[in-house]
Structures are given as structure tokens and as C-alpha cells.
Amino acid sequence: MDKNKERLLALCLMAALFLVGAVCYAAYSQEEPNRILLDFGGGQGKVMFGHYEHFEDFDVACIDCHHTAEDELSEMQKCGDCHLKSMPKGDPCVARKDAFHNQCIGCHEDIGMDLACGDCHVK
């Protein structure tokens, strides 16, 4: 193999590695998603939750729901890190479904929203 072919091969490999790195970086962004799909595995269906709508339209602070964070700059834990699908007997932490229902329904009641299950849960 002559020098020009070796250089071309090296450039092609470098370009391929650069593209793979760029795609991996973009695919695993650290930004919080605007919408997350909450699936409790129950019969009511899944809930599509929009972070930005709650933050921008209703002035809900991150720590209003992510209550373990010290402030808005802290790393936010996922609800499922503590609130499991079912909690061990005697654990003071409530199950995931109950935590969401308590948080969401209470807030929705406060602002006078309709509380029909189908308004949030989509089958």
C-alpha cells in the first residue's frame, strides 16, 4: 500500500471515529427532557408529563416535585429512585403511583382543574 492510500485510510478512519463520537454525544445529552412518559403499569394508561409546561405556564419550581433537592441547581433525582412501584411495609416513603397522585391531584385541585382520570392518563 502506498503512502497516499495509507493517508486516505487514516483520514477516513478519523472521520468515522469523529462521527461516531458526535452521534454518541448527541444521543446521550445531559439535558432534562421536556416530556417524559410515566408508566405505572396500571389499567388507567400512561401519563405524558411536560416539564416545561409546568415550569413556564404554571410557575412550578423543580424542587416543588423533586423535593429531595436542596435548590434549583442541585442534581435532580428521578422519582423512581425513592418511590418504588411498591414499598416495603413500614417504609415512610409512599409508592410511586401514590406519590404522583398525591402531588399531581393536590396541585390540580388547587388550581381548579378537572380531575377526570382520562385528562392525564392516555390509553
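The opening position of the sequence shown corresponds to residue 1 in UniProt numbering, with each subsequent residue numbered one higher. Built from N, CA and C at the ideal position, the CB exists for glycine as well.
Status (buried if at least 16 other CB within 10 Å, exposed otherwise) for residue i
| i | result |
| --- | --- |
| C24 | exposed |
Nearest-angstrom beta carbon gap, residue j and residue i [assumed within contact, 8 Å]
| i | j | result |
| --- | --- | --- |
| S86 | A95 | 5 Å |
| F55 | I36 | At roughly 13 Å, the Cβ-Cβ gap does not stay under 8 Å, so F55 and I36 are not in contact. |
| M76 | H66 | 4 Å |
For residue j and residue i, the rounded distance between their alpha carbons
| i | j | result |
| --- | --- | --- |
| K89 | H121 | 28 Å |
| M113 | H101 | 14 Å |
| D110 | A26 | 39 Å |
| Y52 | N34 | 6 Å |
Limits of the beta strand (DSSP E) - the one that residue i falls within
| i | result |
| --- | --- |
| I63 | Premise fails: I63 lies in the alpha helix (DSSP H), C62 to C65, not in any beta strand (DSSP E). |
| M48 | K46 to G50 |
| L38 | R35 to L38 |
Closest by C-alpha distance to residue i, when choosing among the options
| i | options | result |
| --- | --- | --- |
| F40 | H108, P92, H83 and C107 | H83 |
| G118 | K46, E70 and D57 | K46 |
| residue 186 | A116, L8, K5 and C107 | Any answer about residue 186 is impossible in this case: the structure gives the chain only from 1 up to 123. |
| C79 | L73, C62 and K5 | C62 |
Opening and closing residue of the alpha helix (DSSP H) in which residue i lies
| i | result |
| --- | --- |
| I105 | R96 to D110 |
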